[in-house]
Amino acid sequence: MPPIRLYGRLLLAALLALPVVLLLSWWVDEPLSKLLHWHGESLRPFFTGVMRLHDALIDTVVMQQPLYLWLGLLCLFCITRLLRQRHCTIWLVAVLTLVSSQAVRNLLAVYFNRPRPFQVFSQVAPDGGFWQVVGQFDAFPSGHAAGTAALLLPWTLRFPKVRPWLLSWLGLICIGRVVLEYHWLSDVVAGASIGLMLTCGWELGTRWLRPSSTVEAASVAAGAT
134 MPPIRLYGRL LLAALLALPV VLLLSWWVDE PLSKLLHWHG ESLRPFFTGV MRLHDALIDT
194 VVMQQPLYLW LGLLCLFCIT RLLRQRHCTI WLVAVLTLVS SQAVRNLLAV YFNRPRPFQV
254 FSQVAPDGGF WQVVGQFDAF PSGHAAGTAA LLLPWTLRFP KVRPWLLSWL GLICIGRVVL
314 EYHWLSDVVA GASIGLMLTC GWELGTRWLR PSSTVEAASV AAGAT
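Residue numbering for the sequence shown follows our numbering, starting at 134 and increasing by one per position.
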């Protein structure tokens, strides 16, 4: 079980990503997207396949019957909590991060009203700036990055053996959204940061629901380091 200080540090890192997002939006977003627009043709078939696979899995697992998924995760939490399983709260963290990440992302997208790169290149919008005066846009932050981070990070942080695979998939999704001109680089960084922030926040907020023996053992381990 990761110590509480790890979640605290990661939560702080996610909050400190804001200056990085601003720098990317000012200096990197448009030059990178223009470079990929003119020279990224060879990359698009691969990332198109990645996104189709990802969207098919998400549509099957998450989007078809989200209410049943959420209820199922809550039931798993209740059952594993009664059985005093060590990782019982991961089911609760999973449903909370899934729901809250999309809610936060959708609210921010409406507020920032930022066009996507392909909308700028097709002259639907004049530039990639925030708060466009004309039109309704939803590029910032990336919903795919936020949702994928929220879906994968609870398992990534608790189970080191699958961490490289899950982080690699999250990276592919984030890169793919940029290569396919659906998002600017700052969009996916912000989306992934939201997923990380919510994951750590819910992990810390639900820690008291773990079986007492697990919490005590984690506290002893944290104090011994």
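Yeah, the Cβ is synthetic: ideal placement off N, Cα and C, and Gly gets one too.
When C-alpha distances from P250 are compared across P164, L331, F179 and H187, the shortest belongs to P164. With 16 or more other Cβ atoms from the protein chains shown falling within 10 Å of its own Cβ, V311 counts as buried. The Cβ atoms of G276 and N239 lie closer than 9 angstroms to each other.
For H172, the three-state secondary structure derived from DSSP is helix. In this structure the stretch 220-233 does not lie against the stretch 260-274, because fewer than three pairs of beta carbons, one per stretch, are closer than 8 angstroms.
About 5 angstroms separates the beta carbon of A325 from that of A282, a gap short enough to meet the 8 angstroms contact definition.
CA-CA distance, L231 to F179, rounds to 27 angstroms. By the 16-neighbour rule on beta-carbons within 10 angstroms, D320 is buried. Counted as a single uninterrupted DSSP element, the alpha helix (DSSP H) harbouring H277 occupies residues G276 to R291.
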